[in-house]
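K.L.:
Residue numbers (the working numbering): 43 to 291.
This is the structure:
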């Protein structure tokens, strides 16, 4: 993709983005900064969409999120993207986005997207968790910190559902020893096929959704974020698997 600034060190990968206002109780505010930079054909509506920023409490999907997101320094929004970038006129999904605005607005450079890895980690939760230490850095003065939940995860909608609570509990009790015999491998393969079927059955737009949640798709979502946040270049920091997303971008 064009307009990418990438830095990498150890398990960290970097790329650049822009912001608005909000508090734990402030009313939503709209903001239109895109389209910015290079816009792929037929994606103008996504790259130039208006965002509605507001309190983050409605984005919480866990008890920990509820505590972290109850912070006046944070605001959140949802970004609409195509379910399948090959069919931009088709169904759409939303990406949950959390922002901590630059503490020195007069010297602000842009936005800094982050992903904690996993795969499957919540970027929104990770950004909110980092805020206490991040606030004290020079980076916080110059960049809005942006955490996003990759498609299929957390506050993004729809999110992939594979197991019920009871099935999660059962999984935790299972023997983790690996049977590498031919019969053991065959059993594991059968279990994984069944698991994939459950994910497809329990997730909205099942098979199509699962076909479009890879690193390639997340990287395309990141470019939409870059544009709607008002940045010509993407600034990004990724940890662990997050480096794969950065290199894909």
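The beta carbon of each residue, even a glycine, is placed where N, CA and C say it ideally should be.
Let's see if you can read the secondary structure: which residues bound the alpha helix (DSSP H) around residue 270?
P.N.:
257–270 is the extent of the alpha helix (DSSP H) around residue 270.
K.L.:
Between which residues of its own chain and residue 65 is the CB-CB distance below 6 Å, once the five residues before and five after are set aside?
P.N.:
Any reading at residue 65 is ruled out, since the residue's pLDDT is 44, under 50, leaving its predicted position unreliable.
K.L.:
To the nearest whole angstrom, what separates the beta carbons of residue 77 and residue 90, a pair I think is in contact under 8 Å?
P.N.:
Contact flag correct, Cβ pair sits at about 4 Å.
K.L.:
Could you tell me whether the segment 225–234 touches the segment 256–269, where touching means 3 or more Cβ pairs closer than 8 Å?
P.N.:
With the cut-off at 8 Å, the segment 225–234 and the segment 256–269 do not touch.
K.L.:
Give the secondary structure of residue 64 by DSSP, where H, G and I count as helix, E and B as strand, and everything else as coil.
P.N.:
Bear in mind that a pLDDT of 40 at residue 64, under 50, signals an unreliable position, so the number given afterwards is only what the model happens to contain. DSSP places residue 64 in coil when its eight states are reduced to three.
K.L.:
Looking at the structure shown, is residue 175 part of a helix, part of a strand, or coil, going by DSSP?
P.N.:
Here residue 175 sits in helix by DSSP.
K.L.:
How many Å lie between residue 108 and residue 179 at the Cα?
P.N.:
About 25 Å.
K.L.:
If you reduce the DSSP assignment to three classes, tell me which class residue 204 lands in.
P.N.:
Coil, per DSSP.
K.L.:
Using a beta-carbon distance below 8 Å, is residue 228 in contact with chain D?
P.N.:
Included in the structure is just one protein chain, with no chain D present.
K.L.:
How many angstroms separate the CA atom of residue 133 from the CA atom of residue 272?
P.N.:
Cα to Cα, the separation comes out at about 25 Å.
K.L.:
Thinking C-beta only, is residue 287 closer than 8 Å to residue 157?
P.N.:
In this structure, residue 287 lies closer than 8 Å to residue 157 by Cβ.
K.L.:
By a C-beta neighbour count over all protein chains shown, 10 Å radius and 16 as the cutoff for buried, is residue 220 buried or exposed?
P.N.:
The residue is exposed, with fewer than 16 neighbouring Cβ atoms inside 10 Å.
K.L.:
Determine the direct distance from the alpha carbon of residue 164 to that of residue 192, and round the result to whole angstroms.
P.N.:
Computed Cα separation, rounded: 7 Å.
K.L.:
Could you give the distance in angstroms between the alpha-carbon of residue 143 and the alpha-carbon of residue 183?
P.N.:
If I take the Cα positions, the gap works out to 9 Å.
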